[in-house]
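Heads up, the thing below is written out as structure tokens.
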Amino acid sequence: MTEDLILVINPGSTSTKIALYQNETLVAGATLDHSGAAWAGSQEIISELPHRVGLVRRFLEERAIAPDSLRAIVARGGLLRPVRSGVYLVNEAMLQDLKDQVGGRHASNLGGLMAWEISKKGRIPSFIVDPVSVDEYAPEARLSGLPEVPRKSLLHALNIRASARRASRDLGSELPSLYLVVAHLGSGFSICPFYRGAMRDANNSNEEGPFTVERAGTLPALFLLDLLSETEGRELRRRITGQSGMFGYLGTKDARAVEMRAGVDKRANVVWQAMAYRVAQEICAMAASFPETPDAVVLTGGLAKSEDFVARVMEYTGFLGRHLVYPGEEEMEALLIGVLRVIRGEEPARVYPETEAIG
């Protein structure tokens, strides 16, 4: 029945993932690729909103689904103000912050805006779940060493929290009783001490931590100052966040190709090994966030599909104890489960910009 349908929307930089669920059963899904569209790739990501909304409406029309027959709409959260983890009702305050891009420019900012437009401006309940701006840092985690530069919480909160919930089931323990170190390994890496139900620290992948498939991670500060004197700031930001890491060394963002090359190409092997080495270092650092032994290390994201990369990481981290590997990212399912928890009364929907401190 259409009144049980939930629409899930996940906007990415070059595509929009859409899925219709009846309770927990997938009814229909699509990945709408618009990398070649004339309107795509604009410097002003918000200008893509009407085009992406039109694609979603067409998806529904082709399946004879009227938007006002949906039970709820849930979308990927964007770069908002710092918030606690949870499910948030899309409201006017959130919409304004997404339009103003208060946390920065990113395709995920379109999620809440798209949900609102398709919901006929709030007539159908629309939500986001665990946006990247979730901030549950411990006070000591906020200090960078330079008073004018606090450490900012930006992390892959949706997949980290979904993986932590899965780990709690596999370990047979309630999430608030666990100490996990969760490593999300996608195009960006977020490595997080998940302590007693909260994400108490993480590396902001745009600024620090291990180098990734395309990001530089932590850099020598004084050398970076010299580089900035030679390079325009916007160009340097682009290089650091999208043209560095594995890509900078090897000229490709295809981790599968690099894994294959590593067996025959010495330089590729060194870069592949170095990336695993840096990930392992960050895992071990985050495992020292609390004076306890972690219950498990969780490896998730696209790179967790590589048995070779996982094995290289675990060569260094095996002494920490149990490891759980959840390959890939189940963001659509995580969004769905989040909104179902609200619909079923298992947790309340939060109201943005709720910023309840956790100390």
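With this note's numbering applied, the sequence shown corresponds to residues 719 to 1077, in that order.
Glycine included, each C-beta is placed from N, C-alpha and C at the ideal position.
Residue range of the unbroken alpha helix (DSSP H) whose run includes residue i
{"i": "Ser923", "result": "Run containing Ser923: none; DSSP gives neither H nor E here."}
{"i": "Leu744", "result": "Here Leu744 belongs to no alpha helix (DSSP H); instead the beta strand (DSSP E) covers 743-751."}
{"i": "Arg957", "result": "951-960"}
{"i": "Val1015", "result": "Run containing Val1015: none in the alpha helix (DSSP H); it sits in the beta strand (DSSP E), 1014-1019."}
{"i": "Val988", "result": "984-1004"}
{"i": "Pro865", "result": "Element bounds for Pro865: n/a, residue is neither H nor E."}
{"i": "Leu778", "result": "767-780"}
{"i": "Val1043", "result": "It is not in any alpha helix (DSSP H) - Val1043 instead sits in the beta strand (DSSP E) that spans 1041-1045."}
Residue i versus the options, residue with shortest Cα-Cα distance
{"i": "Ala994", "options": "Thr936, Thr930, Lys971", "result": "Thr930"}
{"i": "Pro894", "options": "Ala1029, Glu948, Ala882", "result": "Ala882"}
{"i": "Ala1022", "options": "Glu1010, Ser1007, Leu723, His1041", "result": "His1041"}
{"i": "Val989", "options": "Glu1047, Cys1002, Val820, Ala973", "result": "Ala973"}
{"i": "Ser837", "options": "Ile724, Arg781, Asp983, Leu945", "result": "Ile724"}
Distance, residue j Cα to residue i Cα
{"i": "Gly906", "j": "Asp1013", "result": "25 Å"}
{"i": "Ala980", "j": "Met917", "result": "34 Å"}
{"i": "Phe1037", "j": "Leu750", "result": "43 Å"}
{"i": "Gly960", "j": "Thr1035", "result": "27 Å"}
{"i": "Phe845", "j": "Thr734", "result": "17 Å"}
{"i": "Leu968", "j": "Glu926", "result": "21 Å"}
{"i": "Gln999", "j": "Ala992", "result": "10 Å"}
{"i": "Ala885", "j": "Glu854", "result": "19 Å"}
{"i": "Ser871", "j": "Thr1018", "result": "19 Å"}
{"i": "Ala1003", "j": "Glu779", "result": "50 Å"}
{"i": "Met719", "j": "Thr949", "result": "Residue confidence is low: Met719 scores 47 on pLDDT, short of 50, so the model does not pin down where it sits. Its coordinate-derived value is still stated next. Cα-Cα distance, rounded: 58 Å."}
{"i": "Arg985", "j": "Arg955", "result": "26 Å"}
{"i": "Phe965", "j": "Val982", "result": "18 Å"}
{"i": "Tyr897", "j": "Pro768", "result": "43 Å"}
{"i": "Ala939", "j": "Leu788", "result": "51 Å"}
{"i": "Gly863", "j": "Ser1007", "result": "17 Å"}
{"i": "Thr732", "j": "Val808", "result": "24 Å"}
Residues of its chain near residue i, where Cβ-Cβ distance is below 6 Å and the 5 sequence neighbours each way are ignored
{"i": "Asp1026", "result": "Glu977"}
{"i": "Ala1005", "result": "Val899, Pro1012, Leu1038"}
{"i": "Pro1066", "result": "none"}
{"i": "Asp848", "result": "Ser803, Ala875, Leu876, Arg879"}
{"i": "Gly935", "result": "Gly927, Pro928, Phe929"}
First through last residue of the beta strand (DSSP E) which encompasses residue i
{"i": "Ser733", "result": "733-740"}
{"i": "Pro729", "result": "723-729"}
{"i": "Arg933", "result": "Arg933 -> no beta strand (DSSP E), and no H or E assigned at all."}
{"i": "Arg794", "result": "790-794"}
{"i": "Ile846", "result": "844-847"}
{"i": "Val805", "result": "805-807"}
Contacts around residue i, its chain only, beta-carbon distance under 7 Å, and the 5 residues preceding and following it disregarded
{"i": "Ala748", "result": "Ile736, Phe777"}
{"i": "Glu815", "result": "Sequence inspection shows Asp at residue 815; the Glu mentioned does not correspond to that position. Once the five neighbours on either side are set aside, the close Cβ partners of Asp815 are Leu798, Arg799."}
{"i": "Ala756", "result": "none"}
{"i": "Gly1077", "result": "With a pLDDT of 46 at Gly1077, under the threshold of 50, the modelled position of this residue cannot be trusted; read the value that follows with caution. Once the five neighbours on either side are set aside, Gly1077 has no close Cβ partner at all."}
{"i": "Pro1071", "result": "Arg799, Val801, Ala811"}
{"i": "Leu813", "result": "Gly830, Leu831, Trp834"}
{"i": "Gly822", "result": "Leu797"}
Check: residue i C-beta below 8 Å from any heavy atom of the ligand MG
{"i": "Ser895", "result": "With respect to the ligand MG, the structure offers nothing, as it holds no ligand at all."}
Contacts around residue i, its chain only, beta-carbon distance under 8 Å, and the 5 residues preceding and following it disregarded
{"i": "Asn924", "result": "Leu872, Gly906, Arg933, Ile958, Thr959"}
(request) Within the segment 873-925, note down every full beta strand (DSSP E) run reaching 3 residues or more, in order along the chain. (result) The DSSP assignment places 897-903, 907-913 as complete runs of the beta strand (DSSP E) inside the segment 873-925, in order along the chain (cut-off: 3 residues).
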